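Novice: Protein chains in written order, with the working numbering: chain P, 1 to 347; chain G, 348 to 694; chain Z, 695 to 1041; chain F, 1042 to 1388.
Every residue gets a Cβ at the ideal spot worked out from N, C-alpha and C, and that includes glycine.
All of these numbers come straight from a predicted model, not from anything done at the bench.
Input: one structure, supplied below.
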C-alpha cells in the first residue's frame, strides 16, 4: 500500500555510525544492523555476505565509488550547505542539474549493468517531496518543507491516488531503517537462486544486481518532526505524479545497462563468427537505436524542465512518460537483471 | 554435434517391456531404467519422482492419454500395418495427415501449456528420415529405407550441413535409450529450481514442462541393421532441411500454449478489475492475432504439401519458415515453459 | 448506405448481348451501354476508351482471359448446371473450392498487379446471399433462395447492421446495370490523373487498375422475382458478416499483388546496385514474410470451412479477420493501386 | 549530382531588391524574376500565381511572418553584426542556439502543416559550410571561410562522398538564383494536380506545401570570391556528413506537422462519433508517442552539441541519425505534404 524508499546514506542516521565516503564504507555500514530480514521464508542474519543479496549491495556501493572516480559527474555543491555532496542527494535547481542526473545514471548503468534502484528512487522522491511539501505548507500552514530539509532516512510515502476515506494512509515520514517494528522481505527475482548453485557459468551478472523488498510496519513510531504529510490526501496523487515525473526520466539508467547488453551481444556474435551476417549485425543497430532514444527522451525531458514554486526544477512530464514507454520496449532484448541461461535449441 | 530424438514409445524396445497405452503406462515404463542421468551436476537415480523432471514426463504422458480421450485426433490407421497407431508415429501420406498433426499439436499445447518437444521431434524426424533414406538408397543402393521401416527408438542424426571432412559425423542410427555408454545431462531451464523451493506460489506451470538433454556417447555400439546413414555426407543437409521443414510447421503446438496464455492473461485482467480498460483489452486481441497466424501458417503449409518420391508428404517449406518466424514473435509475451515470478514494481 | 456489387458477366443480362468468353468479349460488351457515368464532375460517354477508366476494365477482362489460359484454376463444373463456369460465379461446396478461389485470386493479383475488386465482391456476395436467403426462407417462408439461384446482375445489398427503423433499407435485389434511374459516379483514386498527363514515366501500373463507383438510385424498379430480401432487417447484419467472412479471406489476391511489388522492389535494388546491401536485402524478405502470411491465413481460413445449411461452404471467420488484418499491414509497403511518383530526396 | 540550396532571403542578392521583412515582402520579391522554370513539361512564367507552386511559396513566407509574430523564437542577435537576424540565417554558437532552432522548426511545422525545406536546408548548409570551410582553409591555406561569411545566395554543393576522379564535382559556390544558364524543373508530388481540378474537397493542405526542384546548370559563371570549395575532394564527404548531422536533427519540424496530423485525426474521430472507441483512441496516443520521440531526439542531439574549431556548434551525430530514423516511421501515418483522397472502402 505504501512505497518505501530506503536511503541509508544520509548523514546522522545514528550517532555511532561514521561518515560514508567509499563503497567499502557503505558496505561496512550495513553490518551488524540487526534488521529483521527474510528471504525465501528464512531469516537472514548477515545480508552483506549472502550470495543472493550481496550483488545488490555492491550496486549501491558503486554509487559511492563513482563520486570518487568521477567527481565532476557524481558530486555537486549543495545550494543549502555549500558543501560537496553526492548528486543522488542533491535538489535539482536547473535544467542542467536534471540533465547531469541522466548522465550519471547512464554511467552507473554502464558500470554495474543492473538497477541501483534504491538510489534513483531516493533522489527522485527527495525532489518530489520538496516540491509537494512546499505545496502542503502553503495550503495548510504546516512546516513539512523545513522539516524535510533537515534529513532523509528511510522514507515512507503513498504510491497511489488516495480518496477521502484513505486519509490514514496519506502519510509521509522518515525513520532509521533499523527502527523497531519494521520487517523486510527480500523479493525474489527471476533466476536469483543461480548464485546458490554449484559453478558460476549460469550466475549471469555475478557482481551486481538490483533488489526490492516488501517492508512491513507493525507499531512503528515516527516522531512528528520527521513527518512530511499527515492526512492531506489531496496531495497524495500529486506526490505520486511528481515522483513518477522525475522517475520515468530516471530510467535513462537503462541506456547504461543497454550499453553493456549491446556490447555483450556484439561480443557473443564475434565469438560465434557471425558478426558480419546481416541479420545479426542489424540487431545491435536496432538495440542502439532504442537505447539512444531512451537516453534522448530522458535528456530532452530534463532539458524542458521548469522551476516549481519551491525552486526545485521539475522535468517535462509528457516526455518523461515517453521515455518510460521506450524503456518497456527493451524487454524485446530480454533485459532482466540477472537473466538465466537458455539452452533451448530451436530448429 | 548431433541431434538426438528420444522416442521411447516405440514398440519392441525391450522384450521385457509391456505395451504402452496410457500416460500412466508410459510413466511406469520409465522406472528402473538405470539411465546415466545428471542434473545440476548430480546423478539422478529416479527421474520419475524428481520434482524438476517429473513435469516434463507428465507432458509426454499427455500425448498417450490424448489417444484415449480424442482418438479421432490422435489415433490413425497405419498404412503399413493397418493397425491403429498414435499419430506421433504415423507417416504422413496426404495433405490431411499433415493438417491433422497440426490440430493434434494445438490440442496438446492447450492441455499441457508447454512443450512436448520430444514427440514432435520424433514424428518429424521419422517422416524426414523416410524421405531421405529413400533418396540415399536410390543414390547408393543401400537399404536404409527398409531398415528404418522396422522400428524407431532413440535416433541419432546430424543437425547441420556437413562437408566431406565431416564424413564420420554423417551417421543416423537408432538404439535403446539405456544402451551402455550413453549419458544424459538434463538441461536446466529458466527458474526450473522454483519447484525445489518451499511453497507453490512461484512454481508456475507446476504439472507440465518441457525438457532437453545433452546426450553424450562414449563407445556406443549400434548394429548395422539399425543404421540409416553412414558417411553419405551429401544427404546430411538435406535431412536437416527436410526435418526443419516438418518441424517449423510443427510449432503450431505453440498456438495451443498461446490459447492457455491468452486465457490466463484475460483472467488476470479480470481479477484485477481492468478487463475493460482499452489498452489492457487490446493485449489478448493482439496475442490472438499472432496466435491464429501461427496456427494458420502451419495449416497452410500442411495444406500445400506435396508427395515425395517415398510417398511421404512434405509440407511447404517457405510457409513453414514463415510459421516459425511468427512463433519467435511470441517472446513478446514472455512465453517460456515455466516463467518465474516478476515482482518488480515499475513506476 | 448500400453496397453495390456489379457483376456484369452474368449470362442473360439482355437478350441482345452475346455470350462473353474472352476478355475482349467483355470489353466489347461494355460499349454503347449508355450508362449515366460521371468522373471528376463530367459525364463520361465512352468509359471503355477513357484513359483513367480503361485500366480498371482491363483488370476485369483478365479474369475472363484466365479462364482460357488456366482453365484448371479458373473454370469449374457447376453443381447446378453441370456446365463449366468461371470460378467467380461458382458456389463453394467444399473446403477445396474455397482454397482454389484463393489460388485463383493470387494468380490474378500476379497478372494484374492491382485489385479486380468487382469480381471478388460478386463471388463473395453470391455465396453470402445463398446462405442468408436460405435462412430467410426458413424463417419467413419466402422464396428468395430459389429466385437467387436463377441469375445475378448488379446486386444491391445492405452494408451494415440495421435496426427496426431501418426496415426500408433492408433490401437485396438484382437488376441490369443500365436500368433507368441509376447513375454512377466514378471514384477518384490517388494520382489517377497521372494517366491524363503528358509522358508515361509517372503512370505507374498503366495497363491495370481498380475502380469503385458511388451508385445513385432514383426511382429504380426491381421486379419482385429479383428481390432476395425485403424488410427482414434481422438478417441484414448476418448478410454483412457472412459476406465479410468470405471477403476478408478473398484478400489473398493481395499476395499476388505483393508478388509483383516484391519483384519490382528487388529489380529496383538490382538496378541501383544495392541488392546485396544488408538493410536493402532484408526488405523483400520482410515483405515476403508478410505476403506469405496473408496467403497462409487465407488458405487456412478456407481449409477450416464448414458447410452451412444451404450446402454452401463458409470459411473460418476468425482467421478471415486475421487475414484482413495482415493485409492492412501492407500499407507499410505503400501498396496503392497506382502509386504516384515520389521524388523527394531525404538526407 | 549536386545538392542545391536555394536561400533567396539573403540580403544583397541584387541592388534592385528591397529588404525582405514580412512574408508578403518575400512573395513580392519573387515576382518578375524571369527564372527559367518548368513544371509538367511547360514553362512557368509566373510561379507566384501558379496554383500548384504558390502553396510552397506561402510556406517560406511563413518563416518571415514568424519573425514578426514570435520574435523571441525566430529572431536572434548575430554575433557577427550585432544586429537582429532571422534564426534561419544564424550561426549556432551554443547548445541553446541549436535547441532553439528545434523549437522554431516545430512551431513552423504546426503553423504550416508541411515542409518548409528550403529554409532548414539553407540554415543547416550554412552552419555546415562554416565548419568545413574552416577546415579547408586550415589544410589548404585557402580563404573560403572569410568569403563565406560575406553572403549566401543559391548555394551549390556536393551531396555524396567523392573520389579523386570526381575532383571536378568538388565545388561549392553561391550565386543569384536568376543567374544566366540556370534552369529549374519543379518536381511533381503525389496528388499535386488536385489543385488544378474543380472543387476544393480534395485539395488537402491547400494553403501550404513543400517544393523541390531539379536545377540544371549550363555554362554558369560563379566569381572566385563566391567559391567555397574547389577540388578539395577529401572535404566533400565531410561536408555531407556535417550537413546531414545538422539536418537529420532539423527533422524536428515534422513533430510540428505531427501536431497538426494528430489534431486532425482526433477531430475526424470526433466527427465520426468514434473518439471513445478504444482502438481509435489508441492511434493518436501512439502518434503522440512517436511525435514526442522525434522532438526529444532532436532536442537531445542539440543539447549534446559541442563547439567545432570554427566556433560553430555541431550537434550529436548519433542521436541526429536516431531522430531521422524515427521520422521515417511517421510514414505509418501516411504523412505526405498534401495527401490525396482515399475513398476506397475496405470491408
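Leaving out five residues before and five after residue 547 of chain G in sequence, what residues of the same chain have Cβ atoms less than 7 Å from its Cβ?
Specialist: Closer than 7 Å at Cβ, skipping near neighbours: 553.
Novice: For residue 948 of chain Z and residue 988 of chain Z, I'd like the C-alpha separation in whole angstroms.
Specialist: Each residue's alpha carbon lies about 8 Å from the other.
Novice: With respect to the alpha helix (DSSP H) encompassing residue 243 of chain P, which residues constitute its N-terminal and C-terminal limits?
Specialist: Element bounds for residue 243 of chain P: 236-250.
Novice: Give the range of the beta strand (DSSP E) segment to which residue 1214 of chain F is assigned.
Specialist: Note, residue 1214 of chain F: beta strand (DSSP E), 1212-1216.
Novice: In the region 415-440 of chain G, which residue ranges form an unbroken alpha helix (DSSP H) of at least 4 residues, counting only runs that do not cross its ends?
Specialist: With a minimum length of 4 residues, the continuous alpha helix (DSSP H) runs that stay inside the region 415-440 of chain G are 418-421.
Novice: Give me the subset of the region 887-914 of chain Z whose CB atoms are less than 9 Å from a CB atom of chain F, sorted by chain position.
Specialist: Listed by position along the chain: 887, 888, 890, 891, 892, 893, 896, 904, 906, 908.
Novice: Taking the beta strand (DSSP E) that residue 924 of chain Z falls in, what are its first and last residues?
Specialist: That run of the beta strand (DSSP E) goes 921-924.
Novice: Could you run through the region 279-308 of chain P and flag, in chain order, every residue whose CB is less than 8 Å away from some CB of chain Z?
Specialist: Of all residues in the region 279-308 of chain P, 279, 281, 282 have a Cβ within less than 8 Å of some Cβ in chain Z.
Novice: Mind checking if residue 538 of chain G is an interface residue toward chain P, Cβ cutoff 8 Å exclusive?
Specialist: With 8 Å as the cut-off, residue 538 of chain G counts as an interface residue toward chain P.
Novice: For residue 997 of chain Z, which option in Z/967, Z/1003, Z/943 has the closest C-alpha, if you only look at C-alpha atoms?
Specialist: Cα-wise, what sits closest to residue 997 of chain Z is Z/943.
Novice: Who are the neighbours of residue 1360 of chain F on chain P, taking C-beta pairs under 9 Å?
Specialist: Those within 9 Å of residue 1360 of chain F in chain P are 292, 293, 295, 296, 299.
Novice: Who are the near neighbours of residue 873 of chain Z in its chain, counting only those whose CB is closer than 7 Å to its CB and skipping five residues on each side?
Specialist: Excluding positions up to five away in sequence, the list reads 914.
Novice: Please decide whether residue 734 of chain Z counts as near chain F, where near means a Cβ-Cβ distance under 8 Å.
Specialist: True, the Cβ-Cβ gap to chain F drops below 8 Å.
Novice: Can you pull the chain F residues whose beta carbon is under 7 Å from the beta carbon of residue 322 of chain P, in chain order?
Specialist: Under the 7 Å cutoff, chain F gives 1330, 1333, 1334, 1337.
Novice: Cutting at 6 Å between CB atoms, please list the residues of its own chain near residue 1278 of chain F, excluding the five before and the five after it.
Specialist: Only 1202 meet the Cβ criterion.
Novice: State the CB to CB distance for the pair residue 328 of chain G and residue 410 of chain G, rounded to an integer number of angstroms; the pair is presumed to be in contact (CB under 8 Å).
Specialist: Lying outside 348 to 694, the shown extent of chain G, residue 328 of chain G is not represented and no answer is given.
Novice: Answer yes or no: does any C-beta atom of chain Z fall closer than 8 Å to that of residue 492 of chain G?
Specialist: Residue 492 of chain G does not count as touching chain Z.
Novice: Would residue 391 of chain G and residue 384 of chain G qualify as a contact pair, given that the criterion is a beta-carbon distance under 8 Å?
Specialist: Their beta carbons are under 8 Å apart, which means residue 391 of chain G touches residue 384 of chain G by this criterion.
Novice: Within 8 Å (strictly less), CB to CB, does residue 678 of chain G reach chain Z?
Specialist: Cβ-Cβ to chain Z under 8 Å: no for residue 678 of chain G.
Novice: Applying a beta-carbon distance threshold of less than 8 Å, which residues of chain G neighbour residue 793 of chain Z?
Specialist: Those within 8 Å of residue 793 of chain Z in chain G are 650.
Novice: Would you mind giving the Cβ-Cβ distance between residue 787 of chain Z and residue 1007 of chain Z, rounded to the nearest angstrom? I have them listed as a contact below 8 Å.
Specialist: Yes, they are in contact, since the Cβ atoms of residue 787 of chain Z and residue 1007 of chain Z sit about 6 Å apart, within 8 Å.
Novice: Near residue 677 of chain G, what residues of its chain come up, given a Cβ to Cβ distance below 7 Å and the 5 sequence neighbours on each side ignored?
Specialist: 601, 605, 637.
Novice: Mind reading off the beta-carbon distance from residue 235 of chain P to residue 132 of chain P? Whole number of angstroms is fine, and I expect it under 8 Å.
Specialist: At roughly 6 Å, the Cβ-Cβ gap stays under 8 Å, so residue 235 of chain P and residue 132 of chain P are in contact.
Novice: Please specify which runs of the beta strand (DSSP E), each continuous and at least 3 residues long, are wholly inside the region 1298-1377 of chain F, giving them in chain order.
Specialist: The qualifying runs do not exist here; there are none.
Novice: From the DSSP output, which residues share a beta bridge with residue 53 of chain P?
Specialist: In the DSSP output, where bridge partners are listed per residue, residue 53 of chain P has none listed.
Novice: CB residue 613 of chain G to CB residue 622 of chain G, shorter than 8 Å?
Specialist: Their beta carbons are under 8 Å apart, which means residue 613 of chain G touches residue 622 of chain G by this criterion.
Novice: For residue 1256 of chain F, which three-state DSSP category applies?
Specialist: If DSSP states are grouped into helix, strand and coil, residue 1256 of chain F belongs with the strands.
Novice: What is the DSSP secondary structure of residue 1101 of chain F, counted as helix, strand or coil?
Specialist: DSSP places residue 1101 of chain F in helix when its eight states are reduced to three.
Novice: Does DSSP classify residue 366 of chain G as helix, strand or coil?
Specialist: Looking at residue 366 of chain G - three-state DSSP - the assignment turns out to be coil, as it is neither helix nor strand.
Novice: Keeping to the same chain, check which residues put their C-beta closer than 7 Å to that of residue 838 of chain Z; ignore five residues upstream and five downstream.
Specialist: 827, 830, 831, 922, 923, listed in sequence order.
Novice: What are the residues in the region 594-610 of chain G lying within 9 Å of chain Z by C-beta distance?
Specialist: Answer in chain order: no residues at all.
Novice: Taking 8 Å as the threshold (beta carbon to beta carbon), is residue 20 of chain P in contact with chain G?
Specialist: Not one chain G Cβ lies under 8 Å of residue 20 of chain P.
Novice: Taking the CB atoms as reference points, tell me whether residue 821 of chain Z and residue 992 of chain Z lie closer together than 8 Å.
Specialist: Cβ distance not < 8 Å, so residue 821 of chain Z and residue 992 of chain Z don't count as in contact.
Novice: Give the range of the alpha helix (DSSP H) segment to which residue 507 of chain G is assigned.
Specialist: From DSSP, residue 507 of chain G is part of no alpha helix (DSSP H); its letter is neither H nor E.
Novice: Within the 8 Å Cβ cut-off, does residue 325 of chain P reach chain F?
Specialist: Yes, contact with chain F.
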